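Here's the structure, in structure tokens; my notes come after.
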Amino acid sequence: MNYIEEIIRRFFRENYPEKIEHKIQKWLINDKYKEEKDKYLSEQWDAIDANPDIFVYESLQAVNKRITAYKTVQSEPITRYRWLRAAVILLPFLLLGGSLWFSQNRERVEKEEWIIIEIPNGEHRRIVLPDGTDILLNAGTTFSYPTTFAGNKRQVKLSGEAWFQVNKDTIHPFIVDAGTLSITVLGTSFNVNAYPGNERIITTLVEGKVKIETIADKSYILQPEEQLIYYNKTEETTLRRVDLTENTAWISGYLVLDDVSLPEIAGDLERYFDISVVIDERVSIDTDHYSAKFLHNETPQEVMEVLSEVCDILYRIENNTIYIYSE
Amino acid sequence: MKPGTVSPEIIEALRAGDHKAFEVVFLAYFGKIRIFIRELVRCEDDAEELSQELFVRLWENRSTIDPARSFNAYMYTLARNSAFNFLKHQLVENAYAENFIPEEITGNPEETLFAEEIALLIEMAVHKMPEQRRRIYTLSRNEGLSNEEIAKQLNISKKTVENQLSLALKDLRKLISAICLFFIF
Chain A
1 MNYIEEIIRR FFRENYPEKI EHKIQKWLIN DKYKEEKDKY LSEQWDAIDA NPDIFVYESL
61 QAVNKRITAY KTVQSEPITR YRWLRAAVIL LPFLLLGGSL WFSQNRERVE KEEWIIIEIP
121 NGEHRRIVLP DGTDILLNAG TTFSYPTTFA GNKRQVKLSG EAWFQVNKDT IHPFIVDAGT
181 LSITVLGTSF NVNAYPGNER IITTLVEGKV KIETIADKSY ILQPEEQLIY YNKTEETTLR
241 RVDLTENTAW ISGYLVLDDV SLPEIAGDLE RYFDISVVID ERVSIDTDHY SAKFLHNETP
301 QEVMEVLSEV CDILYRIENN TIYIYSE
Chain B
1 MKPGTVSPEI IEALRAGDHK AFEVVFLAYF GKIRIFIREL VRCEDDAEEL SQELFVRLWE
61 NRSTIDPARS FNAYMYTLAR NSAFNFLKHQ LVENAYAENF IPEEITGNPE ETLFAEEIAL
121 LIEMAVHKMP EQRRRIYTLS RNEGLSNEEI AKQLNISKKT VENQLSLALK DLRKLISAIC
181 LFFIF
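So the protein sequences, as listed, match chains A and B.
Positions 1 to 327 (our numbering) are the ones given, in order, by the first sequence.
Positions 1 to 185 (our numbering) are the ones given, in order, by the second sequence.
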């Protein structure tokens, strides 16, 4: 047993709380046992096997820009000329080098036909796209996609909630346009909750890797079991680890309220039960958020019984409408 | 091309300022470098930034690449140095000092050989124990409570405390050899 090897091996394989990670980092950069540490670090280095993916091509683009910018500052005529030549060399290389990602970068101009699916409240629907991607659409969702995926990407539009099992295609990234966010993947499964009335968009990654870009051009990369919450108004984000069974429970037909405000609960109930919800204006809408899971096909009556206790509200149900009010 | 390998001809072309060769090297190494740095600095964004910087510098200093040395080893060294320098700055900035094990460990050298490593390894292993076992172990070893006190505090039987402690020590014993346990416990 070698302690140094063991610490490095575990550190590369597992996550630890920040406090422990800082201790390990400080231990690593300390010159004590430098050669041994180096030996086992380079073993970890050798074990990493990373094929270039879409993200690498994006990074290459960024680095090329930085190199070019650096060169222009020096702006001697000769340098410029050499750069022109470099650009000319670059183009055929990219075409030949298997990096189709760039070569088809121009948008197709011809009109594409789009199919728009609207899921009524109280229903779910499963669809399979032309590329084999499997999608489960939650109640009250509008989803649109082109009849054929032309060009270099597979773009779809979502307003509502959906679970995606994207068919792997490293050359044609799959992009979900969810209003203020766009989510890019190659092949993976994930859940997006982006109902128009809600204050935030929640992306949960099950497996693979996704890249999320906000309207303000910020981007985030999610690892499996991570969730990014994006607040539409403030453009703030929260990244957290989540329990996947909780976050995809709606797929099994459960009513899941996950850290939601009262108006958001109203929206969830309307979609789940296909019922109207009216909140009396005297009910104070504070910043409180609630979470609850209903696993036994509860009726609106039963759900409201629980919620009235938790949220401290009164209710009555008449004519397929839930009226929420306070004393 | 297999990630992490490039031919000597490509390295030679890179040294001569061939941008196409630079891109070949980039595609072969960028992913590996980003993952390696990310594992060390534990932050996706910082890893991306450091990796990009590394390649900008690689291009700027391309003429200084030594063709006689292993290029793979050279890239490893660049990646390690980049992460280590970043961590050094970060550690200074944040002044984590209070959380750390003292640098100077007193006592005779034989006794303290690998003491820091063992302490670190134990802390890592304790963190990976099942919840209850970890709590019992921490209360017992770090806070010095007796088995009765732990049983009372967690509202469990003294027998459970004893069993869990013995399992915890067994876990750690597997990790650290018996001789060292003598000094730690």
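Cβ coordinates follow ideal geometry from the N, Cα and C atoms, glycine included.
Computed from a predicted model, the values in this text were never measured in an experiment.
Reference residue i, options the options, closest by Cα
i, options, result
"Y3 (chain A)", "A:E36, A:N232, A:Y57", "A:E36"
"P48 (chain A)", "B:E44, B:D45, B:E60, B:F30", "Reading off the sequence shown, one finds Ile at residue 48 (chain A), where the question assumed Pro. Taking only the C-alpha atoms, the option nearest I48 (chain A) is B:F30."
"Q25 (chain A)", "A:S42, A:K39, A:I7", "A:I7"
"D342 (chain A)", "A:I279, A:E207, A:T287", "Residue numbering for chain A in the displayed model covers 1 to 327; residue 342 (chain A) lies beyond these limits and cannot be assessed."
"A178 (chain A)", "A:E5, A:T141, A:G122", "A:T141"
"I279 (chain A)", "A:K211, A:I251, A:C311, A:W250", "A:C311"
"S252 (chain A)", "A:Y40, A:N138, A:V63", "A:N138"
"A150 (chain A)", "A:K168, A:K218, A:P173", "A:P173"
"V256 (chain A)", "A:E298, A:P120, A:N15", "A:E298"
"T148 (chain A)", "A:D131, A:L158, A:S159, A:E161", "A:D131"
"E14 (chain A)", "B:E149, B:L154, B:L40, B:L91", "B:L40"
"L145 (chain B)", "B:E131, B:A47, B:V161", "B:V161"
"I175 (chain A)", "A:I285, A:K153, A:K168", "A:K153"
"K209 (chain A)", "A:F143, A:T170, A:V283", "A:T170"
"K19 (chain A)", "B:M129, B:I156, B:D18, B:L120", "B:L120"
"E116 (chain B)", "A:Y272, A:V128, A:P196, A:K23", "A:K23"
"S261 (chain A)", "A:A249, A:F273, A:Y290", "A:Y290"
Whole-Å CB distance - residue i paired with residue j, under 8 angstroms assumed
i, j, result
"L314 (chain A)", "E327 (chain A)", "7 angstroms"
"V166 (chain A)", "T188 (chain A)", "6 angstroms"
"T180 (chain A)", "T234 (chain A)", "At roughly 11 angstroms, the Cβ-Cβ gap does not stay under 8 angstroms, so T180 (chain A) and T234 (chain A) are not in contact."
"P67 (chain B)", "R15 (chain B)", "7 angstroms"
"F86 (chain B)", "L58 (chain B)", "Between L58 (chain B) and F86 (chain B) the Cβ distance is about 17 angstroms, and since that is not below 8 angstroms, they are no contact."
"V277 (chain A)", "I229 (chain A)", "About 23 angstroms; that fails the 8 angstroms criterion."
"V56 (chain B)", "V25 (chain B)", "V56 (chain B) to V25 (chain B), Cβ: 13 angstroms. No contact."
"I33 (chain B)", "A79 (chain B)", "5 angstroms"
"N320 (chain A)", "I265 (chain A)", "Rounded, the Cβ-Cβ distance is 18 angstroms, inconsistent with contact."
"S159 (chain A)", "A216 (chain A)", "With 8 angstroms as the limit, S159 (chain A) and A216 (chain A) do not qualify as a contact, their Cβ atoms being about 20 angstroms apart."
"E302 (chain A)", "N121 (chain A)", "Between N121 (chain A) and E302 (chain A) the Cβ distance is about 19 angstroms, and since that is not below 8 angstroms, they are no contact."
"R62 (chain B)", "G17 (chain B)", "7 angstroms"
"Q52 (chain B)", "R66 (chain A)", "7 angstroms"
"P224 (chain A)", "V206 (chain A)", "6 angstroms"
8 angstroms Cβ cutoff met for residue i and residue j
i, j, result
"R126 (chain A)", "I116 (chain A)", "no"
"Y220 (chain A)", "T245 (chain A)", "no"
"N247 (chain A)", "T203 (chain A)", "no"
"W163 (chain A)", "N198 (chain A)", "no"
"E21 (chain A)", "R42 (chain B)", "yes"
"L165 (chain B)", "I136 (chain B)", "yes"
"W45 (chain A)", "Y76 (chain B)", "yes"
"K211 (chain A)", "T184 (chain A)", "yes"
"Y57 (chain A)", "E5 (chain A)", "no"
"A50 (chain A)", "I37 (chain B)", "no"
"P300 (chain A)", "I322 (chain A)", "yes"
"F84 (chain B)", "I29 (chain A)", "yes"
"L60 (chain A)", "E123 (chain B)", "no"
"A28 (chain B)", "A21 (chain B)", "no"
"S140 (chain B)", "I150 (chain B)", "yes"
"N328 (chain A)", "R200 (chain A)", "This structure cannot settle anything about residue 328 (chain A), because the visible part of chain A is limited to 1 through 327."
"L222 (chain A)", "Y254 (chain A)", "no"
beta-carbon residue i near the ligand FMN non-hydrogen atom, thresh 7 angstroms
i, result
"I7 (chain A)", "The model depicted lacks the ligand FMN and carries no ligand whatsoever."
Item to complete: Pull out every residue of the segment 141–152 of chain B whose Cβ sits closer than 9 angstroms to any Cβ of chain A, in chain order.
Response: none
Discussion item. I'd like the ranges of any alpha helix (DSSP H) spanning at least 4 consecutive residues and lying wholly in the segment 290–323 of chain A.
Written reply: 300–311
Worksheet item: If contact means a Cβ-Cβ distance below 9 angstroms, which residues of the segment 24–48 of chain A contact chain B?
Response: I24, Q25, K26, W27, L28, I29, N30, K32, Y33, D38, L41, S42, Q44, W45, D46, I48
Worksheet item: What are the residues of the segment 151–176 of chain B that lie near chain A, defined by any Cβ-Cβ distance shorter than 8 angstroms?
Response: L175, I176
Discussion item. Residues of the segment 113–128 of chain A in Cβ contact with chain B at a cutoff of 7 angstroms, in chain order, please.
Written reply: none
Fill in: Chain-ordered residues of the segment 21–36 of chain B with a beta carbon less than 7 angstroms from chain A
E23, F26, L27, F30, G31, K32, I35, F36
Discussion item. Closer than 8 angstroms between beta carbons: that is the criterion. Which residues of the segment 165–190 of chain A meet it against chain B?
Written reply: none
Practice prompt. Would you list, in sequence order, the uninterrupted beta strand (DSSP E) runs of no fewer than 3 residues that lie entirely inside the segment 170–233 of chain A?
Written response: 174–178, 181–185, 189–194, 200–207, 210–214, 219–222, 226–231
Item to complete: Could you list the residues in the segment 48–72 of chain B with a C-beta less than 9 angstroms from some C-beta on chain A, going in chain order?
Response: E48, S51, Q52, E53, F55, V56, W59, E60, N72
Item to complete: Could you run through the segment 216–238 of chain A and flag, in chain order, every residue whose CB is less than 7 angstroms away from some CB of chain B?
Response: I221
Fill in: Contiguous alpha helix (DSSP H) assignments of at least 4 residues, all confined to the segment 32–56 of chain B
none
Practice prompt. Can you give me, in chain order, the residues of the segment 151–166 of chain A that have a beta carbon less than 7 angstroms from any beta carbon in chain B?
Written response: none
Fill in: Interface residues of the segment 56–69 of chain A facing chain B [CB-CB below 7 angstroms]
V56, S59, L60, A62, V63, R66, I67
Practice prompt. Note down, one range per segment and in chain order, each beta strand (DSSP E) of at least 3 residues found wholly within the segment 254–283 of chain A.
Written response: 255–260, 276–279
Worksheet entry | Length-filtered (3 minimum) beta strand (DSSP E) runs lying within the segment 123–163 of chain A | 125–128, 134–137, 142–146
Practice prompt. Using a Cβ-Cβ cut-off of less than 8 angstroms, list which residues of the segment 250–273 of chain A approach chain B; keep chain order.
Written response: none
Discussion item. Please identify, using Cβ separations under 9 angstroms, the residues of the segment 122–141 of chain B that lie next to chain A, in order along the chain.
Written reply: E123, M124, A125, H127, K128
Worksheet item: If contact means a Cβ-Cβ distance below 9 angstroms, which residues of the segment 289–317 of chain A contact chain B?
Response: none
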